[in-house]
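Engineer:
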Amino acid sequence: MSTMYQLTHLGALEAEAVHIFREVAATAERPVLLFSGGKDSVVMLHVAAKAFWPARIPFSVMHIDTGHNFDEVLAFRDATAQASGIDLIVASVQDDIDAGRTVEETGPRATRNRLQTATLLRAIADRRFDAVFGGARRDEEKARAKERIFSFRDEHGQWDPRKQRPELWQLYNGRHRQGEHFRVFPLSNWTELDIWQYIAAEDIALPSIYYAHRRQVISRDGMLLAATRFVTPADGEEPFESLVRFRTVGDATCTGCVESSAADADAVVTEIATTRTTERGATRADDRISETGMEDRKKEGYF
Amino acid sequence: MSQLLRVATAGSVDDGKSTLIGRLLYDSKSIFEDQLDAVERTSRERGGDTADLALLTDGLRAEREQGITIDVAHRYFATAERKFIIADTPGHEQYTRNMVTGASTADVALILVDARAGVLEQTRRHAFLASLLGIPHLVLCINKMDLVDWSQARFDEVKDEFRDFAAKLDVRDLTFVPMSALDGDNVVHRTQRMPWYEGSSLLHHLEDVHISSDRNLIDARLPIQYVIRPKQARYQDFRGYAGTVASGVFKTGDEVVVLPSGFSTRIKSVRGPGGVEMPEAFAPSAICVELEDDIDVGRGHMLARPNNRPLVGSEIDAMVCWLTDETTLHVGERYLVMHTTATTPATVVELDYRLDVNTLHRVTPTDALGINEIGRVQIRTHSPLLFDPYRRNRVTGSFLLVDERSGATVAAGMITGPTPASTNVVWSTSRVDRAQRATKGATIWITGLSASGKSTIAAELERLLVASGRPAYRLDGDNLRLGLNSDLGFSKADRAENVRRVGAVAELMADAGLITLACLISPYRSDRDAIRRSHEAAGLPFYEVFVDTPIEECEKRDPKGMYARARAGEITGFTGVDDPYEVPEHAELVLQPADGDLAAQAGKIMELLGW
Numbered sequence: 001m002s003t004m005y006q007l008t009h010l011g012a013l014e015a016e017a018v019h020i021f022r023e024v025a026a027t028a029e030r031p032v033l034l035f036s037g038g039k040d041s042v043v044m045l046h047v048a049a050k051a052f053w054p055a056r057i058p059f060s061v062m063h064i065d066t067g068h069n070f071d072e073v074l075a076f077r078d079a080t081a082q083a084s085g086i087d088l089i090v091a092s093v094q095d096d097i098d099a100g101r102t103v104e105e106t107g108p109r110a111t112r113n114r115l116q117t118a119t120l121l122r123a124i125a126d127r128r129f130d131a132v133f134g135g136a137r138r139d140e141e142k143a144r145a146k147e148r149i150f151s152f153r154d155e156h157g158q159w160d161p162r163k164q165r166p167e168l169w170q171l172y173n174g175r176h177r178q179g180e181h182f183r184v185f186p187l188s189n190w191t192e193l194d195i196w197q198y199i200a201a202e203d204i205a206l207p208s209i210y211y212a213h214r215r216q217v218i219s220r221d222g223m224l225l226a227a228t229r230f231v232t233p234a235d236g237e238e239p240f241e242s243l244v245r246f247r248t249v250g251d252a253t254c255t256g257c258v259e260s261s262a263a264d265a266d267a268v269v270t271e272i273a274t275t276r277t278t279e280r281g282a283t284r285a286d287d288r289i290s291e292t293g294m295e296d297r298k299k300e301g302y303f
Numbered sequence: 001m002s003q004l005l006r007v008a009t010a011g012s013v014d015d016g017k018s019t020l021i022g023r024l025l026y027d028s029k030s031i032f033e034d035q036l037d038a039v040e041r042t043s044r045e046r047g048g049d050t051a052d053l054a055l056l057t058d059g060l061r062a063e064r065e066q067g068i069t070i071d072v073a074h075r076y077f078a079t080a081e082r083k084f085i086i087a088d089t090p091g092h093e094q095y096t097r098n099m100v101t102g103a104s105t106a107d108v109a110l111i112l113v114d115a116r117a118g119v120l121e122q123t124r125r126h127a128f129l130a131s132l133l134g135i136p137h138l139v140l141c142i143n144k145m146d147l148v149d150w151s152q153a154r155f156d157e158v159k160d161e162f163r164d165f166a167a168k169l170d171v172r173d174l175t176f177v178p179m180s181a182l183d184g185d186n187v188v189h190r191t192q193r194m195p196w197y198e199g200s201s202l203l204h205h206l207e208d209v210h211i212s213s214d215r216n217l218i219d220a221r222l223p224i225q226y227v228i229r230p231k232q233a234r235y236q237d238f239r240g241y242a243g244t245v246a247s248g249v250f251k252t253g254d255e256v257v258v259l260p261s262g263f264s265t266r267i268k269s270v271r272g273p274g275g276v277e278m279p280e281a282f283a284p285s286a287i288c289v290e291l292e293d294d295i296d297v298g299r300g301h302m303l304a305r306p307n308n309r310p311l312v313g314s315e316i317d318a319m320v321c322w323l324t325d326e327t328t329l330h331v332g333e334r335y336l337v338m339h340t341t342a343t344t345p346a347t348v349v350e351l352d353y354r355l356d357v358n359t360l361h362r363v364t365p366t367d368a369l370g371i372n373e374i375g376r377v378q379i380r381t382h383s384p385l386l387f388d389p390y391r392r393n394r395v396t397g398s399f400l401l402v403d404e405r406s407g408a409t410v411a412a413g414m415i416t417g418p419t420p421a422s423t424n425v426v427w428s429t430s431r432v433d434r435a436q437r438a439t440k441g442a443t444i445w446i447t448g449l450s451a452s453g454k455s456t457i458a459a460e461l462e463r464l465l466v467a468s469g470r471p472a473y474r475l476d477g478d479n480l481r482l483g484l485n486s487d488l489g490f491s492k493a494d495r496a497e498n499v500r501r502v503g504a505v506a507e508l509m510a511d512a513g514l515i516t517l518a519c520l521i522s523p524y525r526s527d528r529d530a531i532r533r534s535h536e537a538a539g540l541p542f543y544e545v546f547v548d549t550p551i552e553e554c555e556k557r558d559p560k561g562m563y564a565r566a567r568a569g570e571i572t573g574f575t576g577v578d579d580p581y582e583v584p585e586h587a588e589l590v591l592q593p594a595d596g597d598l599a600a601q602a603g604k605i606m607e608l609l610g611w
């Protein structure tokens, strides 16, 4: 753990995240943790469990379900919730579409990624959550790099980069009025490599699709998309089998995979340490829309 | 496993901060291909012929439109030596609050200067903020050297200009690196274009800078953040007090006092995250402790050691930086104070002065503080705070002021100490005038490396003075550490406090008409200068004598075997070996071995004083 009273970088990052979890649990009235079954949210859940040991995690977890998820991830999500005895809330995009609150995109490249925002904001308002933990990291994307750890959202759930609260020392100001809330990012200072080193060091279980496996894929815009029931191949997009793994998991319509033979966490650490592309650049179609795609979505209330 | 280093950048607009960070990331191969593709694409679209590395960090729409940095961005990269978190803070004056935001936890501050423009108001403002925030290491990056023909003379000019200003600040470790961020000279790799520069590249310096001894490992402080009471059969009796260690070390079996109640007990167990039992915990570990006795402990309380407690009080003296343009700070106004894990209402009782950060002059009278202004205030809190001066402890010495109505963070505060008035302490005037005393006092401050001969010279000088009928007394660093200063260690903060106390005693003795021979290594210029200023303000004579014995000679003498131990790595932070000695710039007298033996050197001091 340490020599000469010195934490390792993973020890320091874990301590910072634990501090943030405890701070929210002590000061917020109704916190919730966003849990998708993706690696960052799995790490969040793991650190949260350590923060409150031997008590249970003192808040619920919530999944914003686009309805276009990988089966392996959903199975993992449910098994994890059951094993930890945590209350899992599922807020479904399909419900909002059915109720006419949002309108599904059409066309061959339609994705429900953007639709998540409305569902998230509805779930937060309905259940009066005042602190929502997200697994976002500042190294992911340039708009994320500007985000505070305690990120203020107004009564419409929106983010205003010019009105962020100053954030100093270990003092996190989560005071807000009725209807306003905070997005809290305990893993802000972790990088993708830190996440994987931590997963390897702590032996944390992940959905199988994070590790190399053979599957049918199609090639689109220089990215490999899994050939699932959610993706309609366009003309000339012929599915083929490849040895791949996922670096992020999200909506199956816009989450790509990468060719890889890394079959366990140590192998992934080695792979990530030498990779020359970011996880979003490699695997997120929605971030390729524009230079400020993430910023625009965050202003709308995306996490 | 590697260590984490937190770095903050600062500097005026267009000094090239974003470019420097882009260069650091690029040359250390920490940029990903897709990020670089995006930067090249955008640079081309805007008609540039090379990739504008600043685009890597300016991520917001408005920033890209205006070509400026509005808010702090955090960047991450790693080398084989260390992991780095860089807070890229904006240079615009109107966003100074964001510089404070980015820099409050930094180990190192990088301040950029355009070699052509030299030291500007923003440079001074940021250097002052870095010193106010207690950032232990400062690097002045003198950038755009390509535009001054790689001139050593220009580098030296800017360096001297900055050094003059920094002498007035509490800056302990200052490094200067000439560079061109645009071309990458001296950023990651040493350049061939400035052969006169013998230092290391910026990255190499960052990999190397020694931060382990910056932390306070003396004062055990655990602010209680959260109480863990599992409602489960298996852990029915478990009652854990969770929090992040602010400073010092906590061990199983330690006697601790719970504040503010004052009850003492012992630590039954110390556990890390997940319940891992650990023999001891230190800052900034997030831990959970069980106590031997069932005492009422809750959020906002603090654990400390019975004979080393924080200050307790509701009347606090502090420097505050006002962070909002929505309101201004006024005397009589009510705020919430967020301090460690406690939040309590507070009133600003007095606004002593506003600081002109350009000149460091105190502006009085002052009736309000506006955005980005810094001032000294006295506040009265509803519940008492458990605090330490910020200089000694960045965690227990810092606080935020929050607007109760909006919830906004309006100010950042650094505690100087208890309000002098709070204990009704005012300087009690004597009925004796200084001129009426039998003798006139003075302070002779003898500084130099360990084993340079300070004590021996002082002992001889003391003998000469007393023999000639003058009341003299030697305040020896070692002797004082046996009594007055026995609670202090050798960290930077402790050394500063040691020097401050000896200075204060010397000043009292000088006022009493005694001649004090203070002989202390006192390695930091700023600490010695503070004592000189205080003496001068009180109208008391102060003489700085620098015993300039070369380190090789000191090491050869090494009467206490300290150099040998420091070289062997048994002690760290030893002046001259792995901690700097800052040579006096305006000493009244410099003594060198060539001046003769110690008796002869003592004689020279007598001569200086005309005795």
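Protein sequence lines, in the order shown, are assigned to chains A and B. For reference, each letter of the first sequence is one residue, going 1 to 303 in full-length UniProt numbering. For reference, each letter of the second sequence is one residue, going 1 to 611 in full-length UniProt numbering. A virtual CB, placed ideally from N, CA and C, is assigned to each residue, including glycine. From a predicted model like this one, the values you see are computed outputs, not experimental measurements.
(1) Beta-carbon separation of residue 113/B and residue 89/B under 7 Å?
(2) List, in chain order, every chain B residue whose beta-carbon is nearer than 9 Å to that of residue 39/A.
(3) According to a CB-to-CB cut-off of less than 9 Å, which residues of the region 274 to 296 of chain B neighbour chain A?
(4) Using 10 angstroms around the beta-carbon of residue 240/A, count the other beta-carbons present and answer buried if the total reaches 16, otherwise exposed.
(5) Can you pull the chain B residues whose beta carbon is under 9 Å from the beta carbon of residue 191/A, in chain order?
(6) Measuring CA to CA, which of 210/B, 262/B, 588/B, 447/B is closest to residue 524/B?
(7) What residues from chain A crowd round residue 357/B, counting only those whose CB sits closer than 8 Å?
(8) Rounding to the nearest angstrom, what Cα-Cα distance links residue 149/A and residue 160/A in this structure?
(9) Distance, Cα to Cα, residue 251/B vs residue 42/B?
(10) Taking the alpha-carbon of residue 459/B as reference, which of 449/B, 450/B, 475/B, 469/B has the nearest alpha-carbon?
(11) Output yes if chain C places a C-beta closer than 7 Å to the C-beta of residue 9/A; else output no.
(12) What distance in whole Å lies between the Cβ atoms of residue 23/B and residue 184/B, which are believed to be in contact at a cut-off of 8 Å?
(13) Quick one: list the residues of chain A neighbouring residue 3/B, beta-carbon separation under 9 Å, in chain order.
(14) Would the region 99 to 117 of chain B and the region 215 to 223 of chain A be scored as touching if the rule is three or more Cβ pairs under 8 Å?
(15) Listed from N- to C-terminal order along the chain, which residues in the region 19 to 39 of chain A have their beta-carbon within a distance smaller than 7 Å of any beta-carbon of chain B?
(16) Can you round the beta-carbon distance between residue 247/A and residue 211/A to whole angstroms, since I take them to be within the 8 Å contact cut?
(17) Report the residues of the region 132 to 149 of chain A with a CB closer than 7 Å to any CB of chain B, ordered along the chain.
(18) Could you check how far apart the C-beta atoms of residue 309/A and residue 81/A are, in whole angstroms? I think they sit under 8 Å.
(19) What is the residue span of the alpha helix (DSSP H) that residue 508/B lies within?
(20) Between residue 175/A and chain B, is any beta-carbon pair separated by less than 7 Å?
(21) Could you give the distance in angstroms between the alpha-carbon of residue 227/A and the alpha-carbon of residue 282/B?
(22) Verify the CB distance criterion: does residue 179/B have a CB-CB separation below 7 Å to chain A?
(23) Using CA atoms only, rank isn't needed, just tell me which of 221/A, 205/A, 300/A, 222/A is closest to residue 263/A.
(24) For chain B, find out if any of its Cβ atoms is closer than 7 Å to the Cβ of residue 277/A; answer yes or no.
(25) Between the C-alpha atoms of residue 491/B and residue 222/B, what's the straight-line distance to the nearest angstrom?
(26) Could you tell me which residues DSSP puts in a beta bridge with residue 241/A?
(27) Starting from the beta carbon of residue 338/B, find every residue of chain A whose beta carbon is closer than 8 Å, and list them in chain order.
(28) Going along the chain, which residues of its own chain have a beta-carbon closer than 8 Å to the beta-carbon of residue 592/B, five neighbours each way excluded?
(29) Given a cut-off of 7 Å on the beta-carbon distance, is the pair residue 443/B and residue 506/B in contact?
(30) With 8 Å as the C-beta to C-beta threshold (strictly closer), list the residues of the region 203 to 216 of chain B near chain A in chain order.
(31) In chain order, what residues of the region 48 to 73 of chain A put their CB closer than 8 Å to some CB of chain B?
(32) For residue 205/A, go through chain B and note every residue whose CB falls closer than 7 Å to its CB, in chain order.
(33) Is the separation between the beta-carbon of residue 127/B and that of residue 111/B shorter than 7 Å?
(34) So, residue 379/B versus residue 355/B, is the Cβ gap smaller than 7 Å?
(35) Quick check on DSSP: helix, strand or coil for residue 103/A?
Structural biologist: Taking the coordinates as given:
(1) Remark: C-beta atoms of residue 113/B and residue 89/B do not approach each other more closely than 7 Å.
(2) Those within 9 Å of residue 39/A in chain B number zero; the least Cβ separation is about 17 Å.
(3) 274, 275, 276, 278, 280, 282, 283, 284, 285, 286, 287, 288
(4) exposed
(5) 76, 77, 78, 83
(6) Minimum Cα-Cα distance from residue 524/B among the listed residues 210/B, 262/B, 588/B, 447/B corresponds to 447/B.
(7) Those do not exist, as residue 357/B stays about 17 Å from chain A at its closest Cβ, beyond 8 Å.
(8) 14 Å
(9) 55 Å
(10) 475/B
(11) Considering every chain present, this structure includes no chain C. Its protein chains are A and B.
(12) 5 Å
(13) 6, 7, 8, 9, 12
(14) no
(15) Of all residues in the region 19 to 39 of chain A, those with a C-beta nearer than 7 Å to a C-beta of chain B are 19, 22, 23, 25, 26, reading in chain order.
(16) Not a contact, Cβ separation roughly 11 Å.
(17) The region 132 to 149 of chain A vs chain B, Cβ under 7 Å: 138, 139, 142, 143, 145, 146.
(18) With chain A covering only 1 through 303, there is no way to say anything about residue 309/A.
(19) 492 to 511
(20) Taking CB atoms only, residue 175/A has a neighbour in chain B less than 7 Å away.
(21) 51 Å
(22) Contact of residue 179/B with chain A is not assigned, every C-beta pair being separated by 7 Å or more.
(23) 205/A
(24) yes
(25) 20 Å
(26) 216/A
(27) 171, 173
(28) 548, 549
(29) yes
(30) Listed in chain order, the positions of the region 203 to 216 of chain B with a beta carbon within less than 8 Å of a beta carbon of chain A are 212, 215.
(31) 49, 50, 51, 52, 53, 54, 55, 56
(32) None at all; the shortest Cβ gap to chain B is about 16 Å.
(33) Yes.
(34) no
(35) Note: residue 103/A maps to coil in three-state DSSP.
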